[in-house]
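These notes concern the structure reproduced below.
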Amino acid sequence: MAEAGPQAPPPPGTPSRHEKSLGLLTTKFVSLLQEAKDGVLDLKLAADTLAVRQKRRIYDITNVLEGVWGQVAIPGRLPTS
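First residue of the sequence shown? That's 1 in UniProt numbering, and the numbers climb one at a time after it.
Dropping the structure here:
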C-alpha cells in the first residue's frame, strides 16, 4: 500500500474541521435560537447563517434539541404525545 504524501492546506476562507463540527454548530444554533424573536427561528435562515451546505445537519441539531428539551417544534410535524 502506498503512503499518502502530505496534504495541501485548504484554500483561505475554507472552514476548518472544528468549525464544521456538529458540537460547534449546535452551540451557534442555540445562540441563534435564543436571539430569535419569540423563540421562532427559520431553519433555512439558520442554515444560511451558519453556512451549512447540508440542511440534514440542522435537522440533526433540531432533533436532538427536541428530544432533550422538547423546545424545538418543526412546522408540519405532528405532535408525538
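Each residue gets a CB set at the ideal place from its N, CA and C atoms; glycine is no exception. If you're wondering where the values come from, they're calculated on a predicted model, not measured in any experiment.
Nearest candidate by alpha-carbon position, reference residue i, set the options
| i | options | result |
| --- | --- | --- |
| residue 43 | 35, 29, 22 and 37 | 29 |
| residue 61 | 38, 24, 7 and 37 | 24 |
| residue 65 | 38, 9 and 26 | 26 |
Residue span of the alpha helix (DSSP H) that contains residue i, given as start and end
| i | result |
| --- | --- |
| residue 23 | 22-35 |
| residue 50 | It is not in any alpha helix (DSSP H) - residue 50 carries neither H nor E in the DSSP assignment. |
| residue 67 | 55-69 |
Cβ-based neighbour list, residue i, same chain, cut-off 8 Å, excluding 5 preceding and 5 following
| i | result |
| --- | --- |
| residue 32 | 41, 46, 49 and 50 |
Cut-off 7 Å between Cβ atoms - residues of its own chain near residue i, not counting five sequence neighbours on either side
| i | result |
| --- | --- |
| residue 78 | Low confidence applies to residue 78: its pLDDT is 49, below 50, so where it sits in the model is not reliable enough to give any reading. |
Inter-residue CB distance, residue i and residue j (contact presumed, cutoff 8 Å)
| i | j | result |
| --- | --- | --- |
| residue 53 | residue 22 | In fact, because the Cβ distance is near 14 Å, the residues do not count as touching under 8 Å. |
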